[in-house]
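Enquirer: Numbering (this note's numbering), first residue to last: 29 to 102.
We put the CB at the ideal spot given by N, CA and C, even for glycine.
Supplied in structure tokens, the structure appears directly below.
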């Protein structure tokens with residue numbers, strides 16, 4: 029599962045969900061789903077969020093360590 033800092037980052041800038049949605053060219057419902065963890069962002073959306081907040085993607089999103097386990101092949 030991927031968690032994020034979107035509500036905090038958005039609040040620091042005093043942006044509504046609608047304002048953030050407009051800035052990254054998605055619906056407000058997409059922002060709601062991202063903030064609630066019901067939707068994991070596409071790379072394109074993650075990159076837009078990175079640009080609009082001026083942060084690296086990994087400063088916005090963090091993954092559960094179990095989801096990052098690598099499988100050795102061969």
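What did DSSP end up calling residue 44 once you bin it into helix, strand or coil?
Expert: Indexing the chain shown from 1 puts residue 44 at position 16. Coil.
Enquirer: Pop quiz: residue 46 and residue 33 are said to be a contact at Cβ under 8 angstroms. What is the actual Cβ separation, rounded to whole angstroms?
Expert: Here residue 46 refers to the residue found at position 18 when the chain shown is read from its first residue. Here residue 33 refers to the residue found at position 5 when the chain shown is read from its first residue. Their Cβ separation, rounded to whole angstroms, is 19 angstroms, which puts residue 46 and residue 33 out of contact at 8 angstroms.
Enquirer: Cα separation between residue 88 and residue 53?
Expert: For the purposes of this step, residue 88 is identified with residue 60 of the chain shown, where counting begins at 1. For the purposes of this step, residue 53 is identified with residue 25 of the chain shown, where counting begins at 1. If I take the Cα positions, the gap works out to 18 angstroms.
Enquirer: Can the beta-carbon of residue 59 be found less than 8 angstroms from the beta-carbon of residue 49?
Expert: Walking along the chain shown from the start, residue 59 turns up at place 31. Walking along the chain shown from the start, residue 49 turns up at place 21. Against a cut-off of 8 angstroms, the Cβ pair of residue 49 and residue 59 comes out as a contact.
Enquirer: Going straight from the alpha carbon of residue 35 to that of residue 93, what length do you get?
Expert: Within the chain shown, the letter at position 7 stands for residue 35. Within the chain shown, the letter at position 65 stands for residue 93. Those two C-alpha atoms are separated by around 22 angstroms.
Enquirer: From which residue to which residue does the beta strand (DSSP E) around residue 78 run?
Expert: On the chain shown, residue 78 is found 50 positions in, with the first residue counted as 1. No beta strand (DSSP E) contains residue 78, which is instead part of the alpha helix (DSSP H) from 71-81.
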